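Reading through the structure tokens given below for one structure.
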Amino acid sequence: MRALNRTCGLLVIAALALAAAPAHAQDNGAFAFGGWRAGGGFEDSATREQLRLGDRGAASLAIDFGIDGARQLELFVSRQRTQLETLATGAQPFPLTVTYLHVGGTNFFEGPIGRGPYVVGGLGTTIFAPGLDGFRSETRPSLAVGVGYLLPLTGPLALRVELRGYATLVNSSGGLFCSGGCVLTIRGDSLTQGEVLIGVGARF
């Protein structure tokens, strides 16, 4: 419930910010991405064993609204289904879904919006959702920074290629994901991941 409340609050803030932004023709856009996300992990607080997040594909969606000739506000969500991996023989897999929900923006180096290189960034939350009974979802603050390139195709269609880095403040000493008793106690201070994204969408 706490994670849901935080997520809803972020969406409300994003909607208000986007509604207040002035409209610029052809400076808005919606893009769907496929990507490959790597890096990140935690520690088993009982055994001190490192628990690494497996490198997996991710799906993302970005909606952009023009502010001026070179900048946009952006609502961004990215979801990855992965699992915590260990080197221990016979260790039980720990499936985990990692979702980033960010409000941020893009800034095109050369302007105007719609062609060429840009920087991108965002602030928001990371939602960790375990796929095993007895564990609860956790929501933590996070940020993202990256660089990208937008290539117009035909009509309103365009292609985007991006590199993004994510950083999440975890700040857990051993009770992460625990709901009641846990057979696995996980801790960590922060989590960082990197992602390559390729997306197709339309400007409007």
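Quick note on our numbering: the sequence shown kicks off at 836 and runs consecutively. Every residue, glycine too, gets a C-beta built ideally from N, C-alpha and C. Here the structure is a predicted model, which is why all the values come from computation and not from measurement.
Item	Value
Kindly list the residues whose CB is nearer than 6 Å to the CB of S913, restricted to its own chain and excluding five residues on each side of it in sequence; keep chain order.	A893, S895, Y935
So which of R950, S972, V982 has the shortest CA-CA distance to G956?	V982
Thinking L967 and P930 are a contact (beta carbons under 8 Å), I'd like their distance in whole angstroms, please.	7 Å
Run through the DSSP bridge pairs and tell me what A893 is partnered with.	G870, Q915
Could you give the distance in angstroms between the alpha-carbon of T1027 and the alpha-carbon of G875?	5 Å
Under 9 Å, do R995 and L1004 count as touching if we go by C-beta distance?	no
Just reading off the beta strand (DSSP E) that Q927 is part of, what are its end residues?	Run containing Q927: none; DSSP gives neither H nor E here.
Identify which residue in T974, P952, Q885 has its Cα closest to the Cα of A1022.	Here residue 1022 is Arg; the residue named in the question, Ala, does not match the sequence. When each option's Cα is compared against that of R1022, the closest is Q885.
Alpha carbon to alpha carbon, how far is M836 from F944?	Annotation note: pLDDT 46 at M836 (below 50); position unreliable, coordinate value reported separately. Spanning the two alpha carbons is a distance of roughly 41 Å.
How many angstroms separate the CA atom of Q927 from the CA atom of G939?	37 Å
Going by Cα to Cα distance, which pick from S1025, A993, P987, R916 is closest to V1035?	A993
Compute the Euclidean distance between the alpha carbons of G901 and I962, then round it to the nearest angstrom.	28 Å
Leaving out five residues before and five after V1031 in sequence, what residues of the same chain have Cβ atoms less than 7 Å from its Cβ?	G870, W871, L998
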